[in-house]
Amino acid sequence: NAGVTQTPKFQVLKTGQSMTLQCAQDMNHEYMSWYRQDPGMGLRLIHYSVGAGITDQGEVPNGYNVSRSTTEDFPLRLLSAAPSQTSVYFCASSPGPRGETQYFGPGTRLLVL
Amino acid sequence: DQQVKQNSPSLSVQEGRISILNCDYTNSMFDYFLWYKKYPAEGPTFLISISSIKDKNEDGRFTVFLNKSAKHLSLHIVPSQPGDSAVYFCAAETNNNNDMRFGAGTRLTVKP
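The listed protein sequences derive, respectively, from chains R and L.
My numbering applies: residue 543 is where the first sequence begins, and numbers increase by one.
My numbering applies: residue 212 is where the second sequence begins, and numbers increase by one.
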């Protein structure tokens, strides 16, 4: 039982490049979310999904796209990376809507030059 | 607009003593409050929570107190242990967890 896995662990991009941050969970959770963590800001919700085929925007969605074709996977896409997207990204999953049931992945550290 | 604030970026306590981590919020619609613990290079893990209908919740060495009138909550760790050294995030949510907001975190260091 791997829980929530994220790849890559670390990535350096140049401004304007695109990439996909991968997130997978093996707990059959319906809810999945992407957060970013910046110094002095805590975690902020980017996008979330309440089930396969259903996604919605969180607090800071601009510059990011998501899709949820399967229950297990919830990739986060940066279409044209900007230095402001330098951050640590966490994926999370939960069986229900309450935060106490949320499991986080180990994070992806992204540096955009 | 940070709706959840942790004004102390760091806290250092001696092993065996009490650790008190504080959190303030501004949104009166929040009805559930959580504390997460985060070790380096790991994702946050849930620690303890409290509903707005309560003013105290206890789980072993961890107790969370909620003062709704002051929009303030605190996490007490007694006794503190070196393994408690981590970053602690306060979070608050409405009845839809997609509104969950996090504080900036407090780094707790427990010295042996």
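We treat Cβ as the ideally placed atom computed from N, Cα and C, and that holds for glycine.
Minimum C-alpha distance to residue 654 of chain R - residue among R:644, R:553, R:646: To locate residue 654 of chain R, count along the first sequence from 1; it is residue 112. Comparing C-alpha distances from residue 654 of chain R to each of R:644, R:553, R:646 shows the shortest one belongs to R:553.
Taking the beta carbon of residue 277 of chain L as the centre, do at least 16 other beta carbons fall within 10 Å, making it buried, or is it exposed? To locate residue 277 of chain L, count along the second sequence from 1; it is residue 66. Classification of residue 277 of chain L: buried, given that the 10 Å Cβ count is 16 or more.
Residues of the segment 257-277 of chain L whose Cβ lies closer than 7 Å to any Cβ of chain R, in chain order: Across the segment 257-277 of chain L, CB contacts with chain R closer than 7 Å involve 257, 260, in sequence order along the chain.
Where do the N-terminal and C-terminal ends of the beta strand (DSSP E) with residue 598 of chain R fall, by residue? Taking the first residue of the first sequence as 1, we reach residue 598 of chain R at position 56. 596-599 is the span of the beta strand (DSSP E), which, as asked, contains residue 598 of chain R.
Along chain L, in chain order, which residues have C-beta atoms closer than 9 Å to that of residue 653 of chain R? Taking the first residue of the first sequence as 1, we reach residue 653 of chain R at position 111. By Cβ distance, chain L contributes nothing, its closest Cβ being about 16 Å from residue 653 of chain R, past 9 Å.
Is there a Cβ from chain R that is less than 7 Å from the Cβ of residue 251 of chain L? As a first step, residue 251 of chain L must be located in the second sequence, where it is residue number 40. No - not a single Cβ of chain R is within 7 Å of the one on residue 251 of chain L.
Through-space distance from residue 649 of chain R to residue 550 of chain R, alpha-carbon basis: The count along the first sequence starts at 1 and reaches residue 550 of chain R at position 8. The count along the first sequence starts at 1 and reaches residue 649 of chain R at position 107. About 9 Å.
With distances taken Cα to Cα, identify the nearest neighbour of residue 578 of chain R among R:545, R:612, R:567, R:600. Numbered from 1 along the first sequence, position 36 holds the residue referred to as residue 578 of chain R. The residue with the shortest Cα to Cα distance from residue 578 of chain R is R:600.
Is residue 612 of chain R buried or exposed, if buried means 16 or more other CB atoms sit within 10 Å of its CB? For this step, residue 612 of chain R is matched to residue 70 along the first sequence. Exposed is the call here.
Inter-residue spacing [alpha-carbon to alpha-carbon] between residue 292 of chain L and residue 233 of chain L: The residue given as residue 292 of chain L occupies position 81 in the second sequence. The residue given as residue 233 of chain L occupies position 22 in the second sequence. Counting only the Cα atoms, residue 233 of chain L lies some 18 Å from residue 292 of chain L.
Relative to the alpha-carbon of residue 227 of chain L, which residue among L:295, L:316, L:301 has its alpha-carbon at the smallest distance? If you number the second sequence from 1, residue 227 of chain L lands on position 16. Of L:295, L:316, L:301, the smallest CA-CA separation from residue 227 of chain L is found for L:295.
Contact list for residue 304 of chain L against chain R, beta-carbon separation under 8 Å: Start at 1 with the first residue of the second sequence, and residue 304 of chain L comes out as number 93. Within 8 Å Cβ-Cβ: 640, 641.
Those residues which DSSP pairs with residue 264 of chain L across a bridge: Looking up residue 264 of chain L in the second sequence gives position 53. DSSP, once it has assigned bridges, lists no residue as partnering residue 264 of chain L.
Here's a check: name, in chain order, each residue in its chain whose Cβ is nearer than 7 Å to the Cβ of residue 289 of chain L, leaving out the five neighbours to either side. In the second sequence, residue 289 of chain L corresponds to position 78, counting from 1. Excluding sequence neighbours, residue 289 of chain L sits near 229, 272.
Reduced DSSP category for residue 295 of chain L - H, G, I as helix; E, B as strand; rest coil: Translated into positions along the second sequence, residue 295 of chain L becomes position 84. Helix at residue 295 of chain L.
Check whether chain L comes within 7 Å of residue 648 of chain R, counting only Cβ atoms and requiring the distance to be less than that. Walking along the first sequence from the start, residue 648 of chain R turns up at place 106. Chain L, which has a Cβ nearer than 7 Å to the Cβ of residue 648 of chain R, makes this yes.
Nearest to residue 637 of chain R (by Cα), restricted to the options R:547, R:545, R:571, R:556: Locating residue 637 of chain R in the first sequence gives position 95, where the first residue counts as 1. Of the candidates R:547, R:545, R:571, R:556, the one whose C-alpha sits nearest the C-alpha of residue 637 of chain R is R:571.
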